[in-house]
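Residue numbers (our numbering): 1459 to 1620.
To start, the structure under review is shown below, and the notes come after it.
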């Protein structure tokens, strides 16, 4: 998050695209699509220069009570300068993926399938399959939910830079 640490950072996931989430920090809204890239936002909106906060009569900025909300159709609603603004996004960020992107298409096997039969107790590291739980999503989002699970499992640890 380039503008962090600011007074507040708000994060919200898209209800339409499991791989898309939003980060509002200060006067910036970052839109991330983990199916496209996991190292930087795919879209950044400068709230200060987008006309989102009309000046008040006394010239002071008003604090909003809600920083970030995402509508059921995946559009971010941002509180900035006392105003709430709905930002329209390209359909690629609001329509569930129908196929795995080429850069993420790979066959994977759960670690449990790679263990030698009869030697499960001799493993050097525990597996987490027994702790896995299903996350219910609309059928249109099921493929992307599974893709997100693989993306998160293979991602490097996230670090905050100050």
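Glycine is no exception: its CB is placed at the ideal position from the N, C-alpha and C atoms.
Note that the structure is a prediction, hence the values are computed from the model and not measured.
Beta bridge counterpart(s) of residue i as assigned by DSSP
{"i": "residue 1486", "result": "1483 and 1504"}
{"i": "residue 1526", "result": "1536"}
{"i": "residue 1478", "result": "1491"}
{"i": "residue 1467", "result": "1483"}
Buried or exposed by the 16-neighbour rule on C-beta atoms within 10 Å, applied to residue i
{"i": "residue 1493", "result": "buried"}
{"i": "residue 1590", "result": "exposed"}
{"i": "residue 1506", "result": "exposed"}
{"i": "residue 1504", "result": "exposed"}
{"i": "residue 1537", "result": "buried"}
{"i": "residue 1483", "result": "buried"}
{"i": "residue 1565", "result": "exposed"}
{"i": "residue 1502", "result": "exposed"}
Expected contact under 8 Å - CB spacing of residue i and residue j to nearest Å
{"i": "residue 1498", "j": "residue 1489", "result": "With 8 Å as the limit, residue 1498 and residue 1489 do not qualify as a contact, their Cβ atoms being about 11 Å apart."}
{"i": "residue 1555", "j": "residue 1480", "result": "At roughly 18 Å, the Cβ-Cβ gap does not stay under 8 Å, so residue 1555 and residue 1480 are not in contact."}
{"i": "residue 1562", "j": "residue 1605", "result": "6 Å"}
Cα-Cα separation between residue i and residue j, rounded to whole angstroms
{"i": "residue 1603", "j": "residue 1540", "result": "35 Å"}
{"i": "residue 1478", "j": "residue 1573", "result": "34 Å"}
{"i": "residue 1491", "j": "residue 1577", "result": "40 Å"}
{"i": "residue 1557", "j": "residue 1601", "result": "8 Å"}
{"i": "residue 1508", "j": "residue 1613", "result": "33 Å"}
{"i": "residue 1568", "j": "residue 1598", "result": "24 Å"}
{"i": "residue 1543", "j": "residue 1487", "result": "12 Å"}
- Query: Do the segment 1527-1542 and the segment 1465-1475 make contact, defined as three or more Cβ pairs closer than 8 Å?
  - Reply: yes
- Query: Three or more C-beta pairs closer than 8 Å, one from the segment 1592-1607 and one from the segment 1542-1551: is that the case here?
  - Reply: no
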